[in-house]
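A short write-up of the structure that comes next.
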Amino acid sequence: MKLVVCFPGIGYHCDKPLLYYGRRVAESVGYKEYKNVEYVNRIGNVKGDPVKMQAAFEDLYGQTEEILKDIDFSGYDSILFLSKSVGTIIATTYAERHKIPCRHVLYTPLEATFDNCASDLSGRAIAFTGTADPWVESTAAITDRCQKAGIPVHVIEKANHSLETADVWKNLKNLEKIMALTADFISR
């Protein structure tokens with residue numbers, strides 16, 4: 065039995081394109097069970113404020129513990145965590161703290177995503193980031209952190225934190241490419 069768990073970002077819920085289609089791609093390769101983590105951000109204006117971001121993480125992580133408390137992860141043959149933005153921090157931290165042998169798809173990870181990863185993610189994760197993402201200090205910082213963690217990272221030129229550009233047709237092509245890479249990773 066295979067399980068996919070979706071961890072949204074702040075303002076980027078599980079029905080937005082990356083997580084929605086990521087989950088659908090996972091379903092297409094046998095992940096028939098899924099759980100959307102639906103937490104509520106109660107801390108405002110976190111962008112650029114490390115103190116508020118940490119407070120938001122702690123609150124959202126606490127909600128995640130409550131949401132996932134009844135799942136017996138040992139009952140699954142394969143577990144996939146799909147995550148977006150702050151959800152990438154929550155997903156990697158949750159997997160580490162609970163020793164869950166899962167794979168990760170990290171859509172627009174933040175630098176803090178890698179802070180709680182004591183175990184090697186090489187071969188167990190894939191990441192996507194944009195060159196115009198205002199939520200990260202620099203694309204180079206994310207690609208460097210991915211490289212150090214053994215995570216292949218795909219960089220989308222001129223893409224923002226939703227991995228979108230000003231060109232809607234380019235966005236559709238990018239989404240197709242991102243989902244194809246996601247499917248390839250999940251299928252291995």
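Numbering (this note's numbering), first residue to last: 65 to 252.
No residue lacks a Cβ here, since even glycine has one placed at the ideal position from N, Cα and C.
Give me the DSSP bridge partner(s) of residue i.
i: residue 167; result: 144
i: residue 218; result: 192
i: residue 85; result: According to DSSP, which records beta bridges pairwise, residue 85 is partnered with nothing at all.
i: residue 130; result: In DSSP, residue 130 forms no bridge with anything.
i: residue 98; result: 68
i: residue 73; result: 76
Taking residue i as the reference, give the member of the options with the closest Cα.
i: residue 128; options: 113, 69, 112 and 174; result: 69
i: residue 117; options: 66, 74 and 134; result: 74
i: residue 186; options: 174, 210 and 160; result: 210
i: residue 104; options: 79, 93 and 120; result: 120
i: residue 215; options: 168, 222, 145 and 225; result: 168
i: residue 166; options: 150, 97, 189 and 178; result: 189
i: residue 102; options: 233, 148, 252 and 195; result: 148
i: residue 229; options: 245, 122 and 194; result: 194
i: residue 76; options: 247, 184 and 146; result: 146
Cα separation between residue i and residue j?
i: residue 207; j: residue 217; result: 6 angstroms
i: residue 85; j: residue 249; result: 14 angstroms
i: residue 99; j: residue 66; result: 11 angstroms
i: residue 92; j: residue 143; result: 15 angstroms
i: residue 153; j: residue 174; result: 7 angstroms
i: residue 219; j: residue 192; result: 6 angstroms
i: residue 82; j: residue 171; result: 7 angstroms
i: residue 243; j: residue 90; result: 10 angstroms
i: residue 222; j: residue 150; result: 21 angstroms
i: residue 125; j: residue 176; result: 14 angstroms
i: residue 131; j: residue 251; result: 27 angstroms
i: residue 160; j: residue 180; result: 7 angstroms
i: residue 95; j: residue 234; result: 29 angstroms
i: residue 196; j: residue 245; result: 20 angstroms
i: residue 72; j: residue 123; result: 14 angstroms
i: residue 162; j: residue 224; result: 32 angstroms
i: residue 80; j: residue 88; result: 12 angstroms
i: residue 134; j: residue 205; result: 36 angstroms
i: residue 212; j: residue 164; result: 21 angstroms
i: residue 112; j: residue 184; result: 28 angstroms
i: residue 226; j: residue 178; result: 20 angstroms
i: residue 155; j: residue 232; result: 29 angstroms
At least three beta-carbon pairs within less than 8 angstroms, the region 230-242 to the region 199-213: Contact between the region 230-242 and the region 199-213 is absent, because fewer than three Cβ pairs lie under 8 angstroms.
Cβ contact check for the region 136-143 and the region 100-115: 3 or more pairs under 8 angstroms: No, because fewer than three Cβ pairs between the region 136-143 and the region 100-115 fall closer than 8 angstroms, the two stretches do not touch.
Continuous beta strand (DSSP E) assignments of at least 3 residues falling wholly in the region 204-249: For the region 204-249, the full-length beta strand (DSSP E) segments reaching 3 residues or more read 217-220 along the chain.
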